[in-house]
Structures are given as C-alpha cells and as structure tokens.
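Sequence order for the protein chains is A and B.
When you number the first sequence by the numbering used here, it's gap-free, plus one each residue, and the end is 199.
When you number the second sequence by the numbering used here, it's gap-free, plus one each residue, and the end is 391.
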Amino acid sequence: KAGVTQTPRYLIKTRGQQVTLSCSPISGHRSVSWYQQTPGQGLQFLFEYFSETQRNKGNFPGRFSGRQFSNSRSEMNVSTLELGDSALYLCASRQDWTSYNEQFFGPGTRLTVL
Amino acid sequence: AQRVTQPEKLLSVFKGAPVELKCNYSYSGSPELFWYVQYSRQRLQLLLRHISRESIKGFTADLNKGETSFHLKKPFAQEEDSAMYYCALSGGSYIPTFGRGTSLIVHP
C-alpha cells in the first residue's frame, strides 16, 4: 500500500499571502488529520476530517481551514500568512476517527513564511 | 481538557544502558495511549499502544492509572534507538494530543 503523500514538500511564501497544502491518505482510510509541528510547540492538532466532514478542531485561528473530498483527499488552507506560521505541516490518515486507531503520517510540507 | 507531558526534552544514554522516557497525562476518563517515534529523516510512526500490551523493538510501556503515567522503557538501549519519541493520548473526544517529544540519543 502506498503511504500518505503530501504536496508540495517545501513552500516559501511571504507574509499576507495564502497557501494550500494537499494530502492523499492511504487507500481505504477515510479520516485525515492535520498537525502543525514546530520546535517550540511540538505537534499541535489542527483538525480532522472524516467523510468530508470536519469531526474535530484544534485551537487555531480561523485563518486555518481545511476540506476533504469524496475520495478522502484533503487540503489545508492558511490565509493571511504570518511569520509564526512557519512550520512543518503533517497530515495523518487512519481508517476512521475512533480513538484506538493508529495514525499514519505523511512526510510533511515545510512552510517558510518570509 | 486532556494534556500530555514529557518532562525531558533530551535523554542521553550509552549503548547497553536502560532507558526510560517519561510520559504523564491528564484526562478524566479512560485514555487510549500511544508512543510514536520519528527516526532521522523518516516519518513519524507508531511504536506501540497501550491496548496492545506488546513489546516493539524491545520497548514496553505500562499504563499506570494511579500515577497517570505511560512511561516507555527498554532494558538495553541500542544506537539505532536514537530518535525523537512522542507520547500521545486520545480521549473521549478522539482529538489526539501529543507531548512535545523527547529526543533520545544513544552513544556508542
């Protein structure tokens, strides 16, 4: 089975711009979660989608949004970028959104905001 | 609210020494607990979960509800164990909460 894929792998943007990141889950996985990883804060949960519906949401401002398509692929959008948004954004998929399911992580998208 | 604390940012040991990576959690219900590992230049991956009660790569972790801990242990560390380790909790809301991670360095 192919693993979780994320595109692009690297992005450089300037403050005020917006960005869209993409994630393709493992085949058969219907749940996709997004995380922000920074050296200072570690892994912070952004949101999780299951069957095209947002099931859970972390404590991030409304500039961070996402969506999921019928094929379970997911996109994450960040508008009005700030310097502090520079981070590694990880996507993870699992079969469903119940608590005991293992999450499979993608390689991440490294976003740099200048 | 659920919270996971990994008190050590860095743990440095010599090959063959015992290792214990600490994880304490705060959650009022019955948690599902996991350890994830990230080796250099590799993806974050599941190491073990408490419901499986298994040993992976020589690592074990026991859930202690009284002390609200889920420490990861290995009796004899190997150089290939050097990695970043994250403790994670899933509670009733199913939102996974990760600790900030502990970097384990095993010296030859």
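We put the CB at the ideal spot given by N, CA and C, even for glycine.
- The Cβ atoms of F190 (chain A) and V89 (chain A) lie closer than 8 Å to each other.
- For the pair G312 (chain B) and L387 (chain B), the Cα-to-Cα distance works out to about 30 Å.
- Distance from the Cα of A360 (chain B) is smallest, within the candidate group B:V296, B:Y308 and B:P314, for B:V296.
- Short of 8 Å from the beta carbon of E291 (chain B), and not among the five residues preceding or following it, lie these beta carbons of its own chain, in chain order: L304, K305 and T385.
- Cβ contact annotation for A172 (chain A) (same chain, cutoff 7 Å, sequence separation greater than five): Q121, Q122, T123 and L196, in chain order.
- Per DSSP, V89 (chain A) lies in no beta strand (DSSP E) and is assigned neither H nor E.
- Here R100 (chain A) is exposed: its Cβ has fewer than 16 other Cβ atoms, across all protein chains shown, within 10 Å.
- Across the structure, L199 (chain A) and R148 (chain A) are spaced so that their CA atoms are roughly 17 Å apart.
- R286 (chain B): member of the beta strand (DSSP E) spanning R286 to T288, first to last residue.
- For K357 (chain B), the pairing in a beta bridge is given by DSSP as B:V302.
- Contacts with chain B (Cβ-Cβ distance below 9 Å) from the segment 106-128 of chain A involve S118, Y120, Q122, G125, Q126, G127 and L128, listed in chain order.
- With its beta carbon at least 8 Å from every one in chain A, G312 (chain B) lies outside the interface.
- Annotation: the continuous beta strand (DSSP E) that includes G151 (chain A) extends over F149 to Q153.
- Linking P391 (chain B) to G169 (chain A) through their CA atoms gives a straight-line distance of about 38 Å.
- Nearest neighbour of S338 (chain B) by Cα position, chosen from B:L355, B:Y322, B:K348 and B:T351, turns out to be B:L355.
- Annotation for Q129 (chain A): the continuous beta strand (DSSP E) segment containing it runs G127 to F135.
- Inter-residue distance for V163 (chain A) and K298 (chain B) is about 44 Å (C-alpha atoms, whole angstroms).
- From the beta-carbon of Q188 (chain A), the residues of chain B found nearer than 9 Å are F317, Y319, L327, L329, A371 and P379.
- Using a Cβ-Cβ cut-off of 8 Å, L173 (chain A) does not count as an interface residue toward chain B, since no Cβ of chain B sits closer than that to its own.
- Judged by their CB atoms, F135 (chain A) and R158 (chain A) are not nearer to each other than the 8 Å cut-off.
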